[in-house]
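S.K.:
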Amino acid sequence: MDSFSLLMQGLVTAMQPMILLYALIGVTLGTAVGVLPGIGPALTVALLLPVTYGLDPAGSLIMFAGIYYGGMYGGSTTSILLNTPGESASIVTAIEGNRMAKAGRGGPALATAAIGSFVAGLIATLLLAFLAPQVVKLALTLGPREYFALMVLAFVTVSATFGDSALRGLTSLFIGLALACVGIDGLTGAARLTYGVPQLMDGIETTTLAVALFAIGEALAVAAMLQPPDGMHKIKGSVRMTATDWARSWKAWLRGTFIGFPIGSMPAGGADVASFLSYAAERKLTKHPEEFGTGAIEGVAGPEAANNAAAAGTLVPLLTLGLPTTATAAIMLAGFQQFGLQPGPLLFVMNAELVWGLIAALLIANVMLVILNLPLIGLWIKLLSIPRPWLYGGILLFATLGTIGVNPSPVELGMLILFGVMGYGMRLYGYPVAPVVVGLILGPMAEQQLRRALAIAQGDWTTLVATPVSATLLGISAVFLVVPMLMRLRGRGQVLSQVAGDAD
Amino acid sequence: MKHAILGVAFAAALAVPAFAQDYTIMAPANPGGGWDGTARAMQEVMQAEGIAKSVEVMNVPGAGGTVGLAQFVASNAGDPTKLIVGGYVMVGAILTNGSPVTLKDVTPIARLTGDTEAIVVPAASDIQTLEDLVEKLRADPGSVSWAGGSAGGVDHIAVGLLAKAAGVDPTKINYIAFSGGGEAMAAILGNQVTAGISSVGEFQEQVKAGTMRLLAVSSAERLPGIDAPTIKESGYDVVVENWRMVAAAPGLSDEQVAKISADIEKLNASEGWTKMLADRGWTNTYLAGEAFAAQLDADIAATETVLRDIGLVQ
Chain A
25 MDSFSLLMQG LVTAMQPMIL LYALIGVTLG TAVGVLPGIG PALTVALLLP
75 VTYGLDPAGS LIMFAGIYYG GMYGGSTTSI LLNTPGESAS IVTAIEGNRM
125 AKAGRGGPAL ATAAIGSFVA GLIATLLLAF LAPQVVKLAL TLGPREYFAL
175 MVLAFVTVSA TFGDSALRGL TSLFIGLALA CVGIDGLTGA ARLTYGVPQL
225 MDGIETTTLA VALFAIGEAL AVAAMLQPPD GMHKIKGSVR MTATDWARSW
275 KAWLRGTFIG FPIGSMPAGG ADVASFLSYA AERKLTKHPE EFGTGAIEGV
325 AGPEAANNAA AAGTLVPLLT LGLPTTATAA IMLAGFQQFG LQPGPLLFVM
375 NAELVWGLIA ALLIANVMLV ILNLPLIGLW IKLLSIPRPW LYGGILLFAT
425 LGTIGVNPSP VELGMLILFG VMGYGMRLYG YPVAPVVVGL ILGPMAEQQL
475 RRALAIAQGD WTTLVATPVS ATLLGISAVF LVVPMLMRLR GRGQVLSQVA
525 GDAD
Chain B
-9 MKHAILGVAF AAALAVPAFA QDYTIMAPAN PGGGWDGTAR AMQEVMQAEG
41 IAKSVEVMNV PGAGGTVGLA QFVASNAGDP TKLIVGGYVM VGAILTNGSP
91 VTLKDVTPIA RLTGDTEAIV VPAASDIQTL EDLVEKLRAD PGSVSWAGGS
141 AGGVDHIAVG LLAKAAGVDP TKINYIAFSG GGEAMAAILG NQVTAGISSV
191 GEFQEQVKAG TMRLLAVSSA ERLPGIDAPT IKESGYDVVV ENWRMVAAAP
241 GLSDEQVAKI SADIEKLNAS EGWTKMLADR GWTNTYLAGE AFAAQLDADI
291 AATETVLRDI GLVQ
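As you go down the protein sequences, you meet chains A and B in turn.
Counting from 1, position 320 in the first sequence corresponds to residue 344 in the working numbering; the numbering is continuous, with no gaps.
Counting from 1, position 118 in the second sequence corresponds to residue 108 in the working numbering; the numbering is continuous, with no gaps.
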């Protein structure tokens, strides 16, 4: 039987009322945990695993997949409205999304995130269905040197796109890279910069840093501005997307999908990297560069599509190789094993009905998510009409609870406050905060891949450009780095003077 | 509900304290790992079999389990309802991190499960046997890159022991640490490294599908249903097992320890646990009491030696 008729058969399996009910429970729970910072999809699936022991395999796996997709979906809501990203993949969404919300355009921001997630989820699930075996073969040819080249590309494009000044962007990035050095070195097991504090052994938690810099830093900044206490964010215009919004969003959705899916499929990729690259791509390709930094809709549409497409992408190595590349995927793997199924090269052959049922259910879950989320937008944005002191008080509470929820330790709380104050200081002096988080996430990945590549090649640096993929990626990075410099040298005086002016 | 009633009846019938005790199990790792899996499997079976009325799992991740261990020891002394899951990886982590809290500070109850390590090469590799691999290792230790889990973990220790047994300087081994089994497996399948090492279960499907070749396993005896020699019968005196255990809080009375040990023994004897282990592909290596305490001491001593040899502990 060909893939298409297998998928149709899967849709018939998935259309049973009970399966639909499991999918509905999954997406509802997933959205809820995505909205709450601190409770991620991984923890939710882990909590539900024993509950599903008595259910049939198809139903519970479909529920897990619903939670996974729902979590990716829900994460955008708090990022956009409260500037409190609940997970690393929705950090970039906060950059443009929250600015849009403050400009009174929270409705369209949430809508483009929801519809973008839907479009990306739909396309990526179909790609999963038809291309999984081919994609995984390709992903396996990539080794540490290719991943290192990909990280370099991400560094160059991302650091150049944040903030108005390259110097300030890079300063922030290097603060992030320095923070990334804290913790146990993954390759030798040596502890770095931990000063004997065991909680620092695993490094600085990304969500703690992100929540501190974004939410706490901003709450402090708002409080320090001494604005009239009754101020609130006004909602301007419709909560729906306008024709222009649609026109500007759809290309970003598609680009996000085609960036997110392959990166999610890579064993060392991930939704966060995908969302950074998508943001960088949108910023480079936009026809409205002046809006970036003040709330450009492409900056929400692209990354949100990318992180959902990447979520579908991670199912490729899970189903075809039994390779869990995220914590959630690892628990889903345990779920498979609970029913005596071993994901791997033989799963598609031995349990075809279940696999295609799962893929079909993902398509259905995706439709349910958009139906569930679009009407909620009107409700969510009412959050913004809460008077500002109350709103920020709530954000502080929410951020603190979320952080202790993940890691119940006073050290974690101390870091939250410390980074919160740092975030306030950076805002005060005009340094962008996003590159700090980017540095913290990408720094260790780049370092480990570089050292692995060199260890495999026994210290031979030419290994980095020895394959066409790595050489091409590094070549593109070099172009991105050098061309703007050359342009400045050729007398773009205003750029130079801006850089000089920033260096005070 | 039916299970709960059955459970109460079961507990009453045995006339061990009339009411089943509640437990909180700490998994000193993130959701999704082996310790978390063990804790949640215990939770499920203990509740279903009525060994305990309510079991809660709590995750305290960090530093190879030492963050959780420290917290467990600091806040639960004398509390007989608190359990912690741990394992061989924790032994290594305590040594490499110089953790002030060690396994001496908890009350070990029993070893529950174990995983055997397996050495594999990509199907495309020209290495056919463990002897071929060791020969290459002897000729040039650096040219053999090993993909495995975290530095100082059980995979790393096994490679160190093999090198030592083969007369190769363990500090010269080219061990590439990957986070989690997934990335290491991708590197092996993608032919990025010479060999790979992880638990047998992790490689089983790939070996069946013919994408990897299984060279040897690290158990003392050959494993049923697995067509590979042990490292030992290939002539290198290396036996490694990645075990997982359950321990209780420090400062308990003998009666309290006996009660917990009885509950864990009931868990081990239950049908639900046997089925759970079969589903997850874990081997039951139950060992309790004095025998376990002695084994634990021996493992700690052996691990310390090999970590010094690799150069991870000074």
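All C-beta atoms, glycine included, are put in the ideal place defined by N, C-alpha and C.
Please return the same chain residues whose Cβ sits closer than 7 angstroms to the Cβ of I465/A, not counting the five positions on each side in sequence.
M.R.: Sequence-distant Cβ neighbours of I465/A in its own chain, meaning closer than 7 angstroms and more than five residues away, are S112, T230, D296.
S.K.: Could you tell me which chain A residues have their CB closer than 8 angstroms to the CB of T56/B, listed as they occur along the chain?
M.R.: P222, M225
S.K.: In the DSSP assignment, the beta strand (DSSP E) including Y165/B goes from what residue to what residue?
M.R.: 164 to 167
S.K.: Which residues in the same chain have their Cβ closer than 6 angstroms to the Cβ of V493/A, if we skip the five residues on either side of it in sequence?
M.R.: E170
S.K.: Please list, in chain order, all residues of the same chain as P367/A whose beta carbon is under 7 angstroms from its beta carbon, the five residues on each side excluded.
M.R.: L342, L343, G346, L357, F360
S.K.: Check whether the Cβ atoms of N232/B and G55/B sit closer than 8 angstroms, and answer yes or no.
M.R.: No Cβ-Cβ contact shorter than 8 angstroms links N232/B with G55/B.
S.K.: Output yes if chain B places a C-beta closer than 8 angstroms to the C-beta of D528/A; else output no.
M.R.: For D528/A, the predicted model reports a pLDDT of 35, less than 50, meaning its position is unreliable; a value from the coordinates is still stated below. Taking Cβ atoms only, chain B never reaches closer than 8 angstroms to D528/A, which makes this a no.
S.K.: Would you tell me roughly how many angstroms separate the C-alpha atoms of A278/B and I99/B, rounded to the nearest one?
M.R.: 6 angstroms
S.K.: When the Cα of V134/B is compared with those of S140/B, G150/B, G143/B, G142/B, which residue comes out closest?
M.R.: V134/B has its Cα closest to that of G150/B, out of S140/B, G150/B, G143/B, G142/B.
S.K.: Do you know whose CA, among E377/A, E314/A, G326/A, N397/A, lies nearest L30/A's CA?
M.R.: E377/A
S.K.: With 8 angstroms set as the bound, which would you pick, yes or no: does the beta-carbon of P168/A sit closer than that to a beta-carbon of chain E?
M.R.: Of the chains in the structure shown, none is chain E; the protein chains are A and B.
S.K.: For R30/B, decide whether its Cβ has a neighbour in chain A, counting only Cβ atoms nearer than 8 angstroms.
M.R.: Interface residue, yes.
S.K.: Less than 8 angstroms between the beta carbons of D12/B and K43/B, yes or no?
M.R.: yes
S.K.: Look up A238/B in the DSSP assignment and say whether it is helix, strand or coil.
M.R.: If DSSP states are grouped into helix, strand and coil, A238/B belongs with the strands.
S.K.: Report yes if the C-beta distance between F238/A and T55/A is below 8 angstroms; otherwise report no.
M.R.: no
S.K.: Return the chain-ordered list of same chain residues with a C-beta closer than 7 angstroms to the C-beta of P157/A, the five sequence neighbours on each side being excluded.
M.R.: T344
S.K.: Going by the CB atoms, is the gap between G207/A and M540/A shorter than 8 angstroms?
M.R.: Because chain A is modelled from 25 through 528, residue 540/A falls outside the range shown and cannot be assessed.
S.K.: Comparing C-alpha positions only, which one of I240/A, S196/A, M374/A, P168/A sits nearest to G180/B?
M.R.: P168/A
S.K.: What three-state label does DSSP hand G262/B in the structure shown?
M.R.: helix
S.K.: List the residues that DSSP assigns as beta-bridge partners of P81/A.
M.R.: P81/A is not bridged to any residue.
S.K.: For the segment 478 to 489 of chain A, enumerate the residues whose C-beta is nearer than 8 angstroms to any C-beta of chain B, in chain order.
M.R.: A479, I480, Q482
S.K.: How about A384/A and A38/A: are their beta carbons less than 8 angstroms apart?
M.R.: yes
S.K.: With a cut-off of 8 angstroms, does the C-beta of A178/A fall near any C-beta of chain B?
M.R.: no
S.K.: Less than 8 angstroms between the C-beta atoms of T273/B and D105/B, yes or no?
M.R.: yes
S.K.: Enumerate, from N- to C-terminal direction, the unbroken alpha helix (DSSP H) stretches of 4 or more residues contained entirely within the segment 188 to 258 of chain B.
M.R.: 190 to 199
S.K.: In three-state terms, what does DSSP make of Y448/A?
M.R.: helix
S.K.: Apart from the five residues on each side of it in sequence, which residues of its chain come closer than 6 angstroms, Cβ to Cβ, to Q37/B?
M.R.: V45
S.K.: Counting only Cβ pairs nearer than 8 angstroms, list the residues of chain A close to L179/B.
M.R.: Those within 8 angstroms of L179/B in chain A are L164, L345.
S.K.: Terminal residues of the continuous beta strand (DSSP E) containing L73/B?
M.R.: First-last of the beta strand (DSSP E) with L73/B: 72 to 77.
S.K.: Is M42/A helix, strand or coil by DSSP?
M.R.: DSSP places M42/A in helix when its eight states are reduced to three.
S.K.: Grab the span of the alpha helix (DSSP H) containing M48/B for me, first residue to last.
M.R.: Note, M48/B: premise wrong, no alpha helix (DSSP H); beta strand (DSSP E) at 45 to 49.
S.K.: Please report the Cβ distance between A137/B and F168/B, rounded to the nearest whole angstrom; I am assuming they are in contact, meaning their Cβ atoms lie under 8 angstroms.
M.R.: 6 angstroms
S.K.: Beta-carbon of Q158/A versus every beta-carbon of chain B: anything under 8 angstroms?
M.R.: no
S.K.: Taking 8 angstroms as the threshold (beta carbon to beta carbon), is S260/B in contact with chain A?
M.R.: no
S.K.: Quick check on DSSP: helix, strand or coil for W414/A?
M.R.: helix
S.K.: Taking only beta-carbon atoms, is R270/B less than 8 angstroms away from chain A?
M.R.: yes
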